[in-house]
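Novice:
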Amino acid sequence: MSQTVGDFILARLRDWGVEHVFGYPGDGINGLLAAWGRAENRPRFIQARHEEMAAFSAVGYAKFSGKVGVCAATSGPGAIHLLNGLYDAKLDHVPVVAIVGQTNRSAMGGSYQQEVDLLSLFKDVASEYVQVVNVPEQLPNVLDRALRVALAERAPTCVILPADVQELDYSPPTHAFKMVPSSLGVRWPAVSPDDAGVRAAAELLNAGKKVAILAGQGARGARAELIEVADRLGAGVAKALLGKDVLPDDLPFVTGAIGLLGTRPSYELMRDCDTLLTIGSSFPYTQFLPDLHQARGVQIDLDARYIGMRYPYEINLVGDAAATLRALLPLLDRKEDRSWRETIEGNVARWWETVEREAHVEGKPINPMRLFWEASARLPDNTILAADSGSAANWYARDLRLRGDMRGSLSGTLATMGPAVPYGIGAKYAHPDRPVVVFEGDGAMQMNGLAELLTIARYWHEWSDPRFVIAVLHNNDLNQVTWEMRAMQGAPKFTESQTLPEVSYADFARAVGLGGIAVDEPGQLGPAWDRALAADRPTVLDVRTDPDFPPIPPHTTFEQAKDAAEALLKGDENRWGIISAGLRTKVQELLPHRA
């Protein structure tokens, strides 16, 4: 039997080492689906409940595996549904290839069913590479380039396959004019920095007395080098949100997250430093960095497009984080005065004491911070974590203490709702032997997570480690938006937009064959985590949390919080809107811990 274009596409994906494709079927990719049947489902087609979830799963797979994620969808609405997940990949710099169907070539331009101008649709989200395959001879070049560009640019790319092309007999490009042959694979260079630039950077860093380091996801492969540089410089290390897992939080000089969701010691680190070294981060919030004329700066990044754009750095080094730090290390003097480092470590120690105290403030029924505090002590050192957008992201960023080889991520830049559960699914296919834990607001759970529990129920038996815990902050409120309205608009909660319908997430999980544990008392949290992490199947922790716990900004001092609380308690509606007596009580209880 002759090989069709669909057959060839799957064979080429196998040649590239692609093991999984996350997708949803439709007649626009029938030719591919038939090829999957002939290929004995290699690479494995993982069926999501929705194309957006397939894209998110591909993003999660790519984030946690370091490989390219691949998703597939039919023409028209199926392709459209991929967009949000692909924008998540674009904004967080993740390699994903989307393979989408299109109506037959003969129907194009005829306002045919599901005919959408896919080149125009994908030209922004897949701006690095998007192409239509109109004849078999365009392959393998188009597919190879989509994979190679996705990996090279850490970005989504897209291959569009008209339905009739998928069923054509494959014929390769010939050795002829206007034919484009192709080849498999790529060997990546270790991008070394400029020698003179490294020397200048070392001189600047050696001159600083109070060095702060900001590490982002680009520093993930440089853990040992980063620890050594921080030790030489007596520096503290703050982490951008996507770089939360770059260093573990049990290192005494790691100040945790920075920014709107950050910690107080990270704020103090940037407030008081005289030198800033940024590694692998394009953290956008300048107001959380040192004042513009306060600190001298060095930036290291592999991508020159993101160099020098967030702070007036004196020296901008383009290079791989680990290679650049290795080049720097022999030139760095060990700072003998350790008073700056001791101050940082003292601030960090006090922060974790504050986190513990705030987590034990009584809630009605459960303080959401307690959920994360109880998890921190129990999660295995190789856990993969995902958090959804919303108030869950606040506590994930600020209160969860990573250890060992834990990995963690969320939708860092797009901050879209709904990716955490499909991220977890992607993580399980990247590392089926590791436990996965997802922190999910009930808004995101109702939006996407409930349906994807069906996907988990279908596939979890394939994973060598069945542990997959979805912890739902069940407060029947779109809590992050509620607090944003209070803090930024001085408006009360708009009930019609913010209140969610009641549902038992634990019951839903049990109904589809998963574990479900309902928790409505603080004392139940620890045992519930123990049960979920020892379970023989994926488990939902349905935790009744109090919506009236404000995510107090990390830089808020006792005096600032007291002033705000006094305005709140006086009913200053211009600032706080109309609030409940219970919320007023929570602020009063939390205040002493910021003293």
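All residue numbers in the sequence shown are consecutive under full-length UniProt numbering, ending with 595. Here a beta-carbon is modelled for each residue, glycine too, at the ideal position from N, C-alpha and C.
1. Starting from the N-terminal side, write out each stretch of the beta strand (DSSP E) that is 3 residues or longer and does not extend beyond the region 31–55.
2. Taking the C-alpha atoms as reference points, what is the distance between N574 and W483?
3. Any Cβ of chain B within less than 8 Å of the Cβ of V472?
4. Identify, in the order they occur along the chain, each residue of the same chain with its Cβ nearer than 6 Å to the Cβ of Q166, setting aside the five sequence neighbours on each side.
5. Taking the straight line between their C-alpha atoms, what separation do you get for S391 and A39?
6. Residues in the same chain with beta-carbon distance under 6 Å from G408, minus the five sequence neighbours each way, listed in chain order, please.
7. Name the one or two DSSP bridge partners that R544 has.
8. Would you report the Cα separation of G308 and V421, rounded to the nearest angstrom?
9. In the DSSP assignment, find the alpha helix (DSSP H) that holds F8 and state where it starts and stops.
10. State buried or exposed for E462, treating a residue as buried only when at least 16 other CB atoms are found within 10 Å of its CB.
11. To the nearest angstrom, report how far apart G66 and V97 are at their CA atoms.
12. Taking the alpha carbon of A62 as the point to measure from, which residue in N448, D92, W395 has its own alpha carbon closest?
13. Leaving aside the five residues before and after G426 along the sequence, list all residues of the same chain whose C-beta is less than 6 Å from its C-beta, in chain order.
14. Runs of 3 residues minimum, wholly inside the region 447–533: which ones carry the beta strand (DSSP E) assignment?
15. My output table needs one value for N316: the three-state DSSP class, helix, strand or coil.
16. Quick one: give me the first and last residue of the alpha helix (DSSP H) that R537 is part of.
17. When you compare the region 156–174 with the region 130–140, are there three or more beta-carbon pairs, one atom per stretch, that lie closer than 8 Å?
18. Hey, would you say V94 sits closer than 8 Å to L147, going by beta carbons?
19. Whose CA, out of P527, R486, A528, lies closest to the CA of D548?
20. Does H474 pass the burial test, meaning 16 or more other C-beta atoms within 10 Å, or should it be called exposed?
21. Does DSSP put I366 in a helix, in a strand, or in coil?
22. Are the beta-carbon atoms of residue 597 and R467 separated by less than 8 Å?
23. Do you know how far the Cα of L143 is from the Cα of M445?
24. What are the residues that DSSP puts in a beta bridge with W162?
25. Between which two residues does the beta strand (DSSP E) carrying H81 extend?
26. Does the pairing of the region 332–342 with the region 201–214 give three or more beta-carbon distances under 8 Å?
27. Tell me where the alpha helix (DSSP H) around D399 begins and ends.
28. Since A230 is in the alpha helix (DSSP H), which residue starts that stretch and which ends it?
29. State the CB to CB distance for the pair L500 and D477, rounded to an integer number of angstroms; the pair is presumed to be in contact (CB under 8 Å).
30. Note down the Cα distance separating S497 from V70, rounded to an integer number of angstroms.
31. Could you check the C-alpha separation between D301 and V18 for me, to the nearest Å?
32. According to the Cβ coordinates, are A471 and L541 closer than 8 Å?
33. Could you check the C-alpha separation between G571 and Q480 for me, to the nearest Å?
34. Are there 16 or more other CB atoms within 10 angstroms of the CB of Y313, so buried, or fewer, so exposed?
35. Could you pull the start and end residues of the alpha helix (DSSP H) that K428 belongs to?
36. Is the CB-CB distance between V198 and L328 below 8 Å?
Specialist: The answer reads as follows:
1. 44–47
2. For N574, the predicted model reports a pLDDT of 39, less than 50, meaning its position is unreliable; a value from the coordinates is still stated below. The straight-line gap from Cα to Cα measures roughly 14 Å.
3. The displayed structure is made up of one protein chain only, and chain B is not part of it.
4. V5, G6, G31, L32
5. 44 Å
6. K244, D245, L385
7. H474
8. 35 Å
9. 5–15
10. exposed
11. 14 Å
12. D92
13. S57, G60, Y61
14. 468–474, 515–519
15. strand
16. Run containing R537: none; DSSP gives neither H nor E here.
17. yes
18. no
19. R486
20. buried
21. strand
22. In the structure as shown, the chain begins at 1 and stops at 595. Residue 597 is therefore absent and cannot be evaluated.
23. 35 Å
24. Note on identity: in this sequence residue 162 is Pro, with Trp being the wrong assignment. Answer is Q102.
25. No beta strand (DSSP E) holds H81; the alpha helix (DSSP H) holding it covers 77–81.
26. yes
27. 391–399
28. 223–233
29. 7 Å
30. 35 Å
31. 28 Å
32. yes
33. Because the pLDDT at G571 is just 46, under 50, the model does not fix this residue reliably, and the point stays unresolved.
34. buried
35. 420–430
36. yes
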